[in-house]
Every structure is written in structure tokens, then in C-alpha cells.
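Each remark here refers to the structure printed beneath this line.
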Amino acid sequence: MLGNVKNKKAGFNYEILDKYTAGMELLGTEVKAIKKGWGSLEGAHVVIRSGEAFLVGATIPPFQPANTVEGYEPTRTRRLLLQKKELSELEKSLQNKGLTIVPISMYNKGRYIKLDLALARGKKKFDKRETIKKRDVERDLGRSLKR
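Residue numbers (this note's numbering): 42 to 188.
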């Protein structure tokens with residue numbers, strides 16, 4: 042899909058409890074790179090500091106490396122644009138043990154770049170095994186129904 046960067050492991054590693062959509066503060070070369078589908082959300086997470094949300098650990102390479110600003114960092118911390126109500130909800134829910142905010146996908150909506158976030162709880166090893174078993178059973182059922 043053009044202009045869509047996904048965190049493929051988010052659904053496997055985390056149990057998703059609630060979803061939010063946020064805007065992002067980006068440079069021009071980053072916007073162009075995301076519209077091309079470049080970038081990675083693997084290992085990224087969201088941190089809330091002093092009433093603002095920040096995306097940490099996401100990699101967005103420059104669109105044209107030769108024309109990039111000197112000292113550009115692909116993994117820099119980027120500010121997220123959320124409503125105050127959503128920020129306060131997220132801050133309150135982060136007080137619970139074991140909860141984190143994980144980015145799910147980055148995409149362009151019109152002329153804006155949006156980031157889908159999820160309030161999530163990390164899965165244990167046995168939960169991941171259970172997910173794999175369910176996926177295998179569904180795949181086998183699908184194959185047998187095709188025949």
C-alpha cells in the first residue's frame with residue numbers, strides 16, 4: 042500500500058485495549074518519505090512528558106539524502122498532536138502497571154500525516170503461543186474449506 046507504514050508485530054506482542062489517532066510534527070523530507078511508504082515503527086513507543094506526547098524510536102529516512110538538512114537524525118523524537126482530553130486519558134491509563142502506548146501505523150489522510158496509537162498490555166509467552174495456535178487452526182480450516 043502506498044503511503045502506509047505499519048508496525049506488524051504490535052498485534053502479536055501486545056494486547057490492544059484502546060485506539061487513538063494523532064497528528065505528527067514532521068520535516069518536509071519526512072513527509073515525502075512516509076508518503077512513499079518508507080520508514081519503520083518496529084521497536085517504537087510513545088512517551089508522555091509534561092503534558093505532551095512524543096514518538097520515540099521510529100525510523101523515518103530522508104526522502105533525498107543528498108538534499109537533507111545537515112545533522113538529520115532518522116530516529117529523532119517527534120512530537121505528537123493529540124487533544125487535551127485524549128492526553129489526559131492516556132496519562133491516567135498509563136498509571137496502571139503493564140500498560141504502554143504503541144504506534145500501530147502511519148499514513149497520509151489528505152495532506153496530513155496521521156499516526157494510529159494503541160493503549161496496550163504486553164503479552165506473555167504463553168499468550169503468544171496461543172495466538173500462533175489460533176492462527177494455524179484458522180489457516181488449516183481455510184485451506185480445507187477451499188478444497
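Where is the CB? At the ideal position from N, CA and C, for every residue including glycine.
At the C-beta level, Tyr148 and Ile75 come within 9 Å of one another. For Phe95, the closest alpha carbon among the candidates Leu121, Thr141, Leu140 is that of Leu121. Leu156 places its beta carbon less than 9 Å from that of Thr62. Distance from the CA of Glu179 to the CA of Phe53, rounded to the nearest whole angstrom, comes to 16 Å.
The three-state reading of DSSP puts Ser91 in coil, since its state is none of H, G, I, E or B. Per the DSSP secondary-structure output, Lys150 pairs in a beta bridge with Tyr153.
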